[in-house]
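Input: a single structure, listed below in structure tokens.
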Amino acid sequence: MGKIRTQLQLSLQALNSVCSLKSSTSNPKPKRIFQFQRFFSADSDSSPSKTISVYSTITLPSSSGGGDDSSNSTSSRKPINLWPGMHHSPVTTALWEARLSIFERLLDPPKDAPPQSELLTKTPSQSRTIVVYNFSSDFILREQYRDPWNEVRIGKLLEDLDALAGTISVRHCSDVDSTTRPLWLVTASVDRIVLKKPISVAADLKIVGSVIWVGRSSIEVQLDMIQSSEDCSNTSDSALTANFIFVARDSKTGKAALVNRLLPETEEEKLLFEGAEARSKLRKKKNIGDMQGSENEYTNRLNAFLAEGRILCDMPALADRDSILLRDTRLENSLICQPQQRNIHGRIFGGFLMQRALELAFSTAYVFAGLVPCFLEVDHVDFLKPVDVGDFVRFTSCILYTELDNPDQPLINVEVVAHVTRPEIRCSEVSNMFYFTFTVRPEAKANRNGFRLCSVVPATEEEARRIIERMDAEKQLRELIKQSESDQA
1 MGKIRTQLQL SLQALNSVCS LKSSTSNPKP KRIFQFQRFF SADSDSSPSK
51 TISVYSTITL PSSSGGGDDS SNSTSSRKPI NLWPGMHHSP VTTALWEARL
101 SIFERLLDPP KDAPPQSELL TKTPSQSRTI VVYNFSSDFI LREQYRDPWN
151 EVRIGKLLED LDALAGTISV RHCSDVDSTT RPLWLVTASV DRIVLKKPIS
201 VAADLKIVGS VIWVGRSSIE VQLDMIQSSE DCSNTSDSAL TANFIFVARD
251 SKTGKAALVN RLLPETEEEK LLFEGAEARS KLRKKKNIGD MQGSENEYTN
301 RLNAFLAEGR ILCDMPALAD RDSILLRDTR LENSLICQPQ QRNIHGRIFG
351 GFLMQRALEL AFSTAYVFAG LVPCFLEVDH VDFLKPVDVG DFVRFTSCIL
401 YTELDNPDQP LINVEVVAHV TRPEIRCSEV SNMFYFTFTV RPEAKANRNG
451 FRLCSVVPAT EEEARRIIER MDAEKQLREL IKQSESDQA
């Protein structure tokens, strides 16, 4: 009865909040959910900062409301094909709305318009964007983002991060010239998303993002989540850091296109640029297969992994009780992609795919450990092929390997592969690859004496190769991050 009474009280509180918003006559504007600040405008990159009110789907301004604000709001929400994200979070809707003129050109680019004739040089501050979540004062928003442990749903934040990073990249590449055809910005990969401390729904949250590096046709955007009372421009107390890689394509030919140059101004911006440049070189090194060392060393490591797996396969009764085959850790789910999940280009929103992959990875780690896992980081995400509305997508997950060196914080590395399956033509292609790291909540582990995670071993050569390649990639990236941190110190 106590639980039922609590649920009824929460439901009545939410209903009263909605009713009070709808019935308010003293102020025709609905309650502000959070603020979206930008340091640019559609007309000039040097204009003063502006604040855009963002509304949940419950509190969208009514077309019947009075005043110019209502008419402006109504006109800004058409045409309807600009708002495929109306079923996503309020942040995503606000970000796609923030630069309406650019997105209109992206959806229906002028066929005969010339390409951008001259590359511009922009600073990171010209693309810097801040999103503010007023969790402390807004019950509805808090409930939208709350997980069962009263922390923020990381999967829902991934949607917002992807939308924000995409918006920032579009603004950097824009020449603010309506007579030229815009570039298409495609998410190539997520380089890393690291959770440095738990994010609560009881305190306000800020996301600060900007372009930190550009190549010939690629862009890296860094986002920092800050949950403190400090100034939002200070990223030293970041709770989460995310790095997204975008590539530019000509909207007419589909070929790689040059992007505007970047001029770092402050020492911090210069260090971020150098770190991103080093990561870019590491990605190229990975692409040419120069990460596995000598052939003999690689073969020895491969055989060592397979030797452990053969014991479990051939002599399971004599195998180590603390080991498990990789194939025995698998989970899978599937979905048909719906129109409500598309982005402004009409394809499935990458943030939605990341959310679904994270939730499956969380479940995989949960079943494997037997305790509630704690998200630590998105190690890497590859966007290999676009996913369209109506596609049948299968997500397959497994525990790739565990790291047990630190008993206080054992690490669980999860791989999720997304396949676009077309049964009518007997075709299945990999569209995305996701890598996540989890640990076990300390309070849960403390209540279970003698807790220990299993070691994961491969049964096939293909599984062993996947483990080694991921381990090597992680090792090189951690060494690079360590070197970058020492340089900044």
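FYI, in full-length UniProt numbering the residues of the sequence shown are 1 to 489.
The C-beta atom is built at its ideal place from N, Cα and C for all residues, glycine as well.
For Arg249, the uninterrupted beta strand (DSSP E) segment begins and ends at 238-250. The beta carbons of Leu164 and Ile193 sit no closer together than 8 Å.
Within the UniProt domain "HotDog ACOT-type" (327-444), the complete alpha helix (DSSP H) segments of 4 residues or longer fall at 350-369, listed in chain order. The segment 377-385 makes contact with the segment 420-438; the number of CB pairs closer than 8 Å reaches 3 or more. For the pair Pro339 and Val389, the CB atoms are nearer than the 8 Å cut-off.
Taken through DSSP and simplified to helix, strand or coil, Leu183 comes out as strand. With fewer than 16 other Cβ atoms inside 10 Å of its own Cβ, Ser137 counts as exposed. The three-state reading of DSSP puts Glu159 in helix, counting H, G and I together. According to the DSSP assignment, Gln227 belongs to no beta strand (DSSP E), since it is labelled neither H nor E.
CA-to-CA, the gap between Phe273 and Ala317 works out to about 54 Å. Gln355 and Gly166 do not touch by the CB rule: their CB atoms are close to 15 Å apart, not below 8 Å. In the DSSP assignment, the residues bridged to Ala256 are Arg249. By the C-beta criterion, the segment 454-461 is judged not to be in contact with the segment 167-183, since fewer than 3 inter-stretch pairs fall below 8 Å. Per DSSP, the continuous beta strand (DSSP E) segment holding Gly209 begins and ends at 205-214. Residue pairing by DSSP places Glu220 opposite Trp213, Ile245 in a beta bridge. For Cys313, the CB contacts under 6 Å within the same chain, skipping 5 residues up- and downstream, are Ala459 in chain order. Between the alpha carbons of Trp213 and Ala276 lies a distance of about 6 Å. Here Ala365 is buried: its Cβ has 16 or more other Cβ atoms, across all protein chains shown, within 10 Å.
Spatial neighbours of Glu332 in its own chain (CB-CB distance under 6 Å, excluding positions within 5 residues in sequence) are listed in chain order as Thr396. In the DSSP assignment, no residue is bridged to Arg321. With a 10 Å radius around the Cβ and a threshold of 16 neighbouring Cβ atoms, Met225 comes out buried.
A straight line joining the alpha-carbon of Leu335 with that of Ser89 spans about 20 Å. Counted as a single uninterrupted DSSP element, the beta strand (DSSP E) harbouring Ile130 occupies residues 129-133. In the displayed model, Ser189 falls within a strand according to three-state DSSP. Measuring C-alpha to C-alpha distances from Arg327 to each of Leu400, Pro373, Leu223 identifies Leu400 as the nearest.
Rounded to the nearest angstrom, the gap between the Cα atoms of Pro198 and Thr180 is 44 Å. A residue is called buried once 16 or more other Cβ atoms fall within 10 Å of its Cβ, and Ala248 is buried on that count.
Cβ contact annotation for Ala444 (same chain, cutoff 7 Å, sequence separation greater than five): Leu371, Val372, in chain order. In the same chain as Thr241, and ignoring 5 residues on each side of it, the C-beta atoms closer than 6 Å to its own belong to Val194, Asp224, in chain order. In chain order, Arg192, Tyr435, Phe436, Thr437, Glu474 place their CB closer than 7 Å to the CB of Asp379, counting only its own chain and leaving out the 5 sequence neighbours on each side. Taken atom to atom, the span from the alpha-carbon of Asp391 to that of Asp408 is near 42 Å. Sequence-distant partners of Ile468 (beyond 5 residues in either direction) whose C-beta falls short of 8 Å from its own C-beta, in its chain, are Gln292, Tyr298, Arg301, Leu302, Phe305. Per DSSP, Arg452 is not a residue of any alpha helix (DSSP H), being assigned neither H nor E. By the criterion of a C-beta distance shorter than 6 Å, Thr121 is surrounded in its chain by Arg261, Leu263, once the five residues flanking it on both sides are discounted. Taking the Cα of Gly351 as reference, the smallest distance to any Cα among Pro115, Ile140, Asp160 is reached at Asp160.
Scanning its chain for C-beta atoms nearer than 7 Å, with the 5 sequence neighbours on each side dropped, one finds around Asp175 the residues Gln116, Leu120, in chain order.
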